[in-house]
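Trainee: In order, the protein sequences belong to chains A and B.
Quick note on this note's numbering: the first sequence kicks off at -4 and runs consecutively.
Quick note on this note's numbering: the second sequence kicks off at 46 and runs consecutively.
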Amino acid sequence: MNRFLWLALIALGLAAPFVVYPVFMMKLLCFALFAMAFNLLLGYTGLLSFGHAAFFGGASYVTGYLVKTSGLTPELGVLGGTLFAALLGYLVGSLAIRRQGIYFAMVTLALAQIVYFVALKATFTGGEDGLQGIPRGLLFGLIDLNRHYTVGGGPLGLNLYYFIFVLFCLGFWIIHRTIHSPFGQVLKAIRENEPRAISLGYKVERFKLMAFVLSSALAGMAGSMKSLVFQLASLTDVSWHTSGEVVLMTLLGGVGTVLGPLAGAFTVVTLQSKLSSVGPWITVIIGGIFVICVLVFRRGFVGELGRLLRRPL
Amino acid sequence: MGMSIQTVLSQVMLGLNNGVFYAILSLGLAVIFGLLNIVNFVHGALYMLGAYVALLGYSMLGPLLGKPDFHLNYWAALIVAPLVVGALGIAIEKTMLRRLRKFDHLYGLLLTFGLALIIQGVFTNYFNVSGDAYDGKPEVLNGVVDLGFMMFPKYRLWVIAISLAVCFGTWYVIERTKLGSYLRAGTENPELVKAFGINVPLMITLTYGFGVGLAAFAGVLAAPIYSVSPVMGSEMIITVFAVVVIGGMGSIMGSIVTGLLLGMVEGFTKVVYAPASGTVIFLIMVVVLLVKPTGLFGREA
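1) In chain B, what lies closer than 8 Å to A/Gly53 by C-beta?
2) With respect to the alpha helix (DSSP H) encompassing A/Val291, which residues constitute its N-terminal and C-terminal limits?
3) For B/Met294, name the three-state secondary structure that DSSP assigns.
4) Let me know if A/Trp1 comes out buried or exposed under the rule of 16 or more other beta-carbons within 10 Å of its beta-carbon.
5) Taking only beta-carbon atoms, is A/Gln267 less than 9 Å away from chain B?
6) According to DSSP, is A/Gln127 helix, strand or coil?
7) Beta-carbon within less than 6 Å of A/Ala184's beta-carbon, same chain only, minus the 5 sequence neighbours each way: which residues are those?
8) What residue range is occupied by the uninterrupted alpha helix (DSSP H) comprising B/Tyr253?
9) Thinking C-beta only, is A/Leu204 closer than 9 Å to A/Ser44?
10) Just checking my contact of A/Leu230 with A/Gly125 at CB under 8 Å: how many whole Å lie between their CB atoms?
11) Does DSSP classify A/Thr310 as helix, strand or coil?
12) Quick check: the Cα distance between B/Pro183 and B/Val302, rounded to an integer number of angstroms?
13) May I ask you to report which of helix, strand or coil DSSP gives A/Asp139?
14) Does the Cβ of A/Ala3 lie closer than 8 Å to at least one heavy atom of the ligand NAD?
15) Helix, strand or coil for B/Pro113, going by three-state DSSP, please let me know.
16) By how many angstroms is the C-alpha of B/Leu247 removed from the C-alpha of B/Ile164?
17) Less than 6 Å between C-beta atoms, sequence neighbours within five positions excluded: which residues of the same chain meet that for B/Ser300?
18) Does the beta carbon of B/His88 come closer than 9 Å to any beta carbon on chain A?
19) What residues in its chain sit with their C-beta under 8 Å from that of A/Ser234, if we drop five residues either side in the sequence?
20) Indicate the three-state DSSP secondary structure (helix, strand or coil) for B/Ala211 in the structure shown.
21) Does A/Leu104 have its Cβ less than 9 Å from a Cβ in chain B?
22) Kindly indicate if chain A contains any beta-carbon less than 9 Å away from that of B/Gly323.
23) Could you name the residues of the same chain whose beta carbon sits closer than 6 Å to that of A/Asn(-3), not counting the 5 residues immediately before and after it, in chain order?
24) B/Ser49: buried (16+ other C-beta within 10 angstroms of its C-beta) or exposed?
25) Span of the beta strand (DSSP E) holding B/Met196?
26) Indicate whether at least one CB of chain B lies closer than 9 Å to the CB of A/Tyr157.
27) Would the stretch 320 to 330 of chain B and the stretch 78 to 87 of chain A be scored as touching if the rule is three or more Cβ pairs under 8 Å?
28) Name the chain A residues that come within less than 8 Å of B/Thr169, Cβ to Cβ?
29) Would you verify that the beta carbon of B/Ile351 is, or is not, closer than 9 Å to some beta carbon of chain A?
30) Comparing C-alpha positions only, which one of A/Gln226, A/Leu137 and A/Gly152 sits nearest to A/Tyr144?
31) Secondary structure at B/Pro183, three-state DSSP: helix, strand or coil?
32) I'd like the span of the alpha helix (DSSP H) that includes A/Asp309, first residue to last.
33) Could you tell me the distance, in whole angstroms, from the CA atom of A/Gly66 to the CA atom of A/Leu266?
34) On the premise that A/Val297 lies in contact with A/Gly248, defined as a C-beta separation below 8 Å, what is that separation, rounded to the nearest angstrom?
35) Within its chain, find whatever has a CB closer than 6 Å to the CB of A/Gly38; leave out the 5 residues flanking it on each side and keep chain order.
36) The alpha helix (DSSP H) that contains B/Val238, what's its start and end?
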C-alpha cells in the first residue's frame, strides 16, 4: 500500500475526534485492533479461533484490576493486560494447535469457556457485575486521561483519545510489519499448503504457536484499551458472543486483507450504535449478516474491492 | 465430606441423565460431520427449538386454532418436534449448506453459527431468558421408582431408557444395515458411491434432517426436566463441542459412549468438588489434548 494512503489514514485518525463522537471512535479503534489481531490468525495463518474473546476480555479484566485495585498507571495496566493475554495465548495455543481445522475452532471455543467460567466465579472479577468504575488515571503518572478540553462548544477527552490512537497505531504497525516479514511469508505458506511448508523444513507448529501468541497479545491489548475507554470489564467481553462478533467483523471486511478488519469493525460498531433501539433483534441482524456474508460475499468488502481493482489491499 | 456410596451413585445417575443428552447431541453432530464435513453450530439452537415446539404445542397451539382445550400432548410432541425441525433442517441444507460444499469447511461452521444467532435472537425477543416450565409431562411418568440405592424420578428413568434406545438404534442402522453401509461409503468416498447410482445429494439432505431431528427429540425430552429457555441450546452446544473433541467425531459408538461417560463424570464431580462440575468436561478435554490429541475414538481429521 502506498505511503500517501497511510498518511491519509493517520491524518484521518488524528482529526476524527473533532468530527465524530470520540467514544464511538475509540470503541471503533479497540474493535478494529481486535479484528486485525484475529485476522493475523485466520487470514494469514489459516487458523479459525472461536475463542478470541478470552484474550480480549481476559486482558480487559487484568487491566481493570491492575488499574483499579493495584493502582497502577494506565500504560502499565495495558502492558499487564497484554502480557497476560500473551501468556494465556501461549497456553491455549499450545493445546489448540494439536488439532486442525474445525477441531481447532471447537477447542479454542471450549478453552475460552473455561476463562468465561473463571470470570463468572472468581471474586476479583466481580462476577455478574464485572469490574465497574475502572479509573483512567494519569498516563506515566503525569497526563490526566480524564481531562476534557473545550473545543468548538463541547468538551472533548482528547488525552484519552490520542493515547488509544497511539496504541492502535502501534498495534497496526506490528501487524503490518509481521505480515510483510519473512515470518509472515512462512505463515502464508502454512495457510496455503501446510504439508508443503513442513516438507520445506519449517517447524510449522512453532510458527503457528508464535502467530497465536502474537494474535492473542494484540487482541489483549485491544481489550485493555477497551476497559480504559468504557471503564468497565464485563462478562460480555469474555463470552462466545464476542468471539463470534470478531469473526464477523473480519469476515465482513475481508479475511486476509490489511484493511478488511478495519472496515468490518466500522460496519459492525456503527450498526450496533445505530440499532441500539431494536434491543435483542440486534442478535438476529448480526446472525443474518453472517449468513448473507458466508453465502454471497465470502471475500468481504475489501476483498471484493481488491478483486475489482485486481490488487491485494 | 460425607461421601457415602448412596450419594455417589445418585449423583452419577443424575449425571447419566445429562450424559444421554450429550450422547444424542454429539451423535447427531457426528452423523452430520461424517457426510457433510461441517460442524453444525446450529445444533444447540435446534435442540432449543425442539423444546419450544413441545412447550408451545402444549400451551399455545389450542388457543391459536380456536380450540382452547386442545393440547399437543407430550407423546405427539416427541414425533412432531423432530419432524418440524427435521423439515427446517432439510430446508437449510437445500437452500444454504449445499452452496458451500465446494468451499472450505470452516464456512459451514460460520453459516450455522449465524443461523444459531438468528434462531436464538428471535426466541430471546419473545420469551423469558430465565425460562418457562413445561406442564405437559404425562401422568404415567410422574412419581419415583425405587432403584434400591435411591428413589429415582420415573421421568428421568424414561429419558435415559428412550435415549439409549434411540442412540443404539441409530448406531445399529448406520453400522449394521445396508442403508448404513451406503452412508458409511458416502462418508469415505462420495464420488464412487455416486458412480454406483446412489443419490448422494438426497442422502446428504436426509442425513442432515435426521441429525437435527435427533437434536429436536432431545429438546422435547429435556423440556420437562430443565426450564425451556432461549439460551438452553447455546449453553449446551459448547459443552457438547468439548465432548466431541474428547471423543472424536470419527466413530458413532465413540460419541455415544463419550457422551454417557462424561455425563457420569460430571455427576461424580458434583459429589467430590461441586464448584468444578461446570468445568470438568473442559478440563478433561485439556488432558485428552495433551495425551491423545486425536480424541479417544478419533481418527486424524
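In this text, a Cβ means the ideal position worked out from N, Cα and C, and glycines have one as well.
Mentor: Looking at the coordinates:
1) Listed by position along chain B, the residues whose Cβ is nearer than 8 Å to that of A/Gly53 form an empty set, because the closest Cβ is around 15 Å away.
2) Counting along the chain, A/Val291 falls outside any alpha helix (DSSP H), and DSSP gives it neither H nor E.
3) Reduced to three states, the DSSP call for B/Met294 is coil.
4) Around the beta carbon of A/Trp1, a 10 Å sphere encloses fewer than 16 other beta carbons of the protein chains shown; the residue is thus reported as exposed.
5) Not a single C-beta of chain B is nearer than 9 Å to the C-beta of A/Gln267.
6) If DSSP states are grouped into helix, strand and coil, A/Gln127 belongs with the strands.
7) Excluding residues within five positions, the ones whose Cβ falls inside 6 Å are Ala192.
8) Val245 to Ala267 is the span of the alpha helix (DSSP H), which, as asked, contains B/Tyr253.
9) The criterion of a C-beta distance shorter than 9 Å is not satisfied by A/Ser44 and A/Leu204.
10) The Cβ separation is near 6 Å, so the contact holds.
11) It is not possible to answer for residue 310 of chain A, since the shown part of chain A is limited to -4 through 308.
12) If you take the alpha carbons of B/Pro183 and B/Val302, they lie about 29 Å apart.
13) It is a strand residue.
14) This structure does not include the ligand NAD; it has no bound ligands of any sort.
15) Coil, per DSSP.
16) When rounded, the distance between both Cα atoms is 25 Å.
17) Sequence-distant Cβ neighbours of B/Ser300 in its own chain, meaning closer than 6 Å and more than five residues away, are Ser71, Leu72, Ala75 and Gly292.
18) Not closer than 9 Å to any Cβ of chain A, the Cβ of B/His88 fails to qualify, so no.
19) Ala48, Gly52 and Tyr111, listed in sequence order.
20) For the record, residue 211 of chain B in the displayed sequence is Val; it is not Ala. Three-state DSSP puts B/Val211 in a helix.
21) By this cut-off, A/Leu104 is an interface position.
22) With 9 Å as the cut-off, B/Gly323 counts as an interface residue toward chain A.
23) The answer is none, since no qualifying residue turns up.
24) An exposed status is given to B/Ser49, since fewer than 16 other beta-carbon atoms sit within 10 Å of its beta-carbon.
25) Segment Met196 to Pro198, the beta strand (DSSP E) holding B/Met196.
26) So no, A/Tyr157 is outside the interface.
27) As far as the Cβ criterion goes, the stretch 320 to 330 of chain B does not touch the stretch 78 to 87 of chain A, which means the pair count is below three.
28) Those are Pro275 and Thr278, listed as they occur along chain A.
29) Since the first and last residues shown for chain B are 46 and 346, residue 351 of chain B lies out of range.
30) Nearest option by C-alpha distance: A/Gly152.
31) B/Pro183 carries a coil assignment under DSSP once its states are collapsed to helix, strand and coil.
32) For chain A, the structure presents residues -4 to 308; residue 309 of chain A sits outside this window and is missing.
33) Here the C-alpha atom of A/Gly66 lies approximately 35 Å from the C-alpha atom of A/Leu266.
34) That pair is a contact at about 5 Å.
35) Closer than 6 Å at the Cβ level, and outside the excluded window around A/Gly38, lie Val250 and Gly251.
36) Element bounds for B/Val238: Pro235 to Ala240.
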